[in-house]
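Residue numbers (the numbering used here), protein chains in the order written: chain P, 1 to 139; chain L, 1001 to 1139; chain Z, 2001 to 2139.
The beta-carbon is built from N, C-alpha and C at its ideal position, and this holds for glycine as well.
What follows is a single structure, written as structure tokens, with notes after it.
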Amino acid sequence: MEVITRELTFSTSPDGGMVDVTSKIEEELKKTGIKEGIVTVFVPGATGAVSTIEYEPGLLKDFPAMLERIAPSDIHYHHHETWGCDNGRSHVRATLIGPSLTVPFKNSKLLLGTWQQVVFIELDTRPRQRRLILQFIGK
Amino acid sequence: MEVITRELTFSTSPDGGMVDVTSKIEEELKKTGIKEGIVTVFVPGATGAVSTIEYEPGLLKDFPAMLERIAPSDIHYHHHETWGCDNGRSHVRATLIGPSLTVPFKNSKLLLGTWQQVVFIELDTRPRQRRLILQFIGK
Amino acid sequence: MEVITRELTFSTSPDGGMVDVTSKIEEELKKTGIKEGIVTVFVPGATGAVSTIEYEPGLLKDFPAMLERIAPSDIHYHHHETWGCDNGRSHVRATLIGPSLTVPFKNSKLLLGTWQQVVFIELDTRPRQRRLILQFIGK
């Protein structure tokens, strides 16, 4: 059994902008030489999240539209009183979606569906430079 | 340490229909012979999700009712323009809930609460035949 | 490779009350002697959840306010008919957020962001005494 920790870095667009990281994870998986196990995809930060989606232009608008319904940008957030910032919605959305995703793999291949991609979701109100942790466990 | 990958298959009912897979996971766990570790429960698809719930008839209605509030069936989804389909709500709901769940076990028993079951949640707009990945890691 | 299962216990406040368990997890991690791997943080129950957040007083109000929008306390839940209870909102909120979180660590340190804490989220309608499972896998 092996444990190998890697990191991806990339830049993002705000308020629900998504980055498809599937092929990068597959590349890193190949480099590890591990055949069967899990990769933990983890966001080290409180205003980003990770999930899977069919990565196509329509859903890249539909998902942020849903976030706007559940945590609107035009209401008051107490978070703004603490820091004088504007990203209260970013935080509550990130906590709801969650910062970790676990994807199993076998024969060095992620066990995703055909139309399913792993995405980092930027929830902050400005573009960011981001780090994403990938940790592979298996044999 | 061992890594063992299994698969469940079952049919579903649409728009929030849930399938209690707890006893199937426990059966597969027993067969592996692994005593202590985690099972990753993973949906290989973009319109299903996995979580836990107290599996009783009331909540099987209440949870879909909540999904209808946050991603209504009667609004426009850009996803429909891409494919001419009708399941935009299914996709955004699935991404929000998430496709992976990690459940720890010890002494060959899932460490669930007494009133807590592992459920596959069908979010598509039609009944489906589904696969669910189970991957056990432990010793 | 090692698998070590631990448990935290604590008391909570209802309807979105959060408990920052980050330093407790770090303490337990140090005791295991495992350097690199994952900790699975799991809620054995159907009315609590786990995620990460910037643990500051503003967000401790903003996150429950969002939950109230998506699963209001003043609507009818079918769950109440089953048991004569009042916590239908607790259940649907818990299923949406999810009971499991996986956090990677390296050099015996959780790979969290600077402003990111691991929190148990009490969703029940009354204060509870809670157990939280921590399972460390790594080497």
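Could you spell out the range, first to last residue, of the alpha helix (DSSP H) harbouring M2018 (chain Z)? Counting along the chain, M2018 (chain Z) falls outside any alpha helix (DSSP H), though it belongs to the beta strand (DSSP E) covering M2018 to D2020.
So, does the CB of E2056 (chain Z) fall closer than 7 Å to a CB anywhere in chain P? yes
Helix, strand or coil at L60 (chain P) [DSSP, three-state]: helix
May I ask you to report which of helix, strand or coil DSSP gives G1138 (chain L)? strand
Let me know if H76 (chain P) comes out buried or exposed under the rule of 16 or more other beta-carbons within 10 Å of its beta-carbon. exposed
Figure out for me which residue from Z:C2085, Z:V2041, Z:E2036 and Z:A2046 has the closest Cα to the Cα of N2107 (chain Z). Z:E2036
Is the number of C-beta pairs between the stretch 2131 to 2139 of chain Z and the stretch 2032 to 2052 of chain Z that are closer than 8 Å three or more? yes
Beta-carbon contacts of G2017 (chain Z) that lie in its chain and below 7 Å, excluding the five residues immediately before and after: E2122
Looking only at DSSP bridge pairs, what is A49 (chain P) linked to? P:I121
Kindly say whether K2106 (chain Z), judged by its beta-carbon, lies nearer than 7 Å to any beta-carbon of chain P. yes
Kindly indicate which residue of L:P1064, L:T1082 and L:D1074 has the alpha-carbon position closest to the one of G58 (chain P). L:T1082
Leaving out five residues on either side along the sequence, give the residues of the same chain with a beta carbon under 7 Å from the beta carbon of V19 (chain P). F10, T12, V119 and F120
Could you tell me whether the stretch 2088 to 2102 of chain Z touches the stretch 2050 to 2068 of chain Z, where touching means 3 or more Cβ pairs closer than 8 Å? yes
Establish whether the CB of A1049 (chain L) and some CB of chain P are separated by less than 7 Å. no
Which residue wins for smallest C-alpha separation from H1078 (chain L), given the options P:H78, P:A94, P:G84 and P:K61? P:K61
T1040 (chain L) (DSSP reduced to helix, strand or coil): strand
Counting only Cβ-Cβ distances shorter than 9 Å, please list the residues of the stretch 82 to 95 of chain P near chain Z, keeping chain order. T82, W83, G88, R89, H91, V92, R93, A94 and T95
Any C-beta of chain L sitting closer than 7 Å to the C-beta of G2045 (chain Z)? yes
Using 7 Å as the limit for Cβ to Cβ distance, is V1039 (chain L) near chain P? no
Collapsed DSSP secondary structure at L111 (chain P) in the structure displayed: coil
Alpha-carbon spacing of Q2116 (chain Z) relative to K2139 (chain Z), whole angstroms: 25 Å
Got a sec, what are the start and stop residues for the alpha helix (DSSP H) S2100 (chain Z) sits in? Here S2100 (chain Z) belongs to no alpha helix (DSSP H); instead the beta strand (DSSP E) covers S2100 to K2106.
Could you please give the first and the last residue of the uninterrupted alpha helix (DSSP H) stretch that includes T2005 (chain Z)? Taken as a continuous stretch (DSSP letters only), T2005 (chain Z) belongs to no alpha helix (DSSP H), being part of the beta strand (DSSP E) at E2002 to S2011.
Same chain only: Cβ atoms within 7 Å of A1046 (chain L), ignoring 5 sequence neighbours per side: H1091 and A1094
Top-ranked residue by Cα proximity to E2026 (chain Z), from Z:K2109, Z:P2072 and Z:C2085: Z:K2109
S1023 (chain L) to R2006 (chain Z) span [Cα, whole Å]: 24 Å
Contact with chain L by L29 (chain P), beta-carbon distance below 7 Å: no
Could you check which residue in L:P1104, L:P1099, L:L1111 and L:T1114 has the C-alpha nearest to that of G113 (chain P)? L:P1099
Just checking my contact of P960 (chain L) with R1126 (chain L) at CB under 8 Å: how many whole Å lie between their CB atoms? The structure shown does not extend to residue 960 (chain L), since chain L spans only 1001 to 1139, so no value can be given for it.
Cβ-based neighbour list, E28 (chain P), same chain, cut-off 7 Å, excluding 5 preceding and 5 following: R6 and L134
My understanding is that I97 (chain P) touches L1096 (chain L), with C-beta atoms under 8 Å, so please give their C-beta distance in whole angstroms. 6 Å
Close beta carbons around E1002 (chain L), own chain, < 6 Å, minus the five adjacent residues each side: I1034
Return the Cβ separation of L1101 (chain L) and V1050 (chain L) in integer angstroms, given the expectation that the two are a contact with Cβ distance under 8 Å. 5 Å
Taking only beta-carbon positions, decide if K1109 (chain L) is within less than 7 Å of chain Z. no
Any idea if G1048 (chain L) is buried or exposed, counting beta-carbon neighbours within 10 angstroms, 16 or more meaning buried? buried
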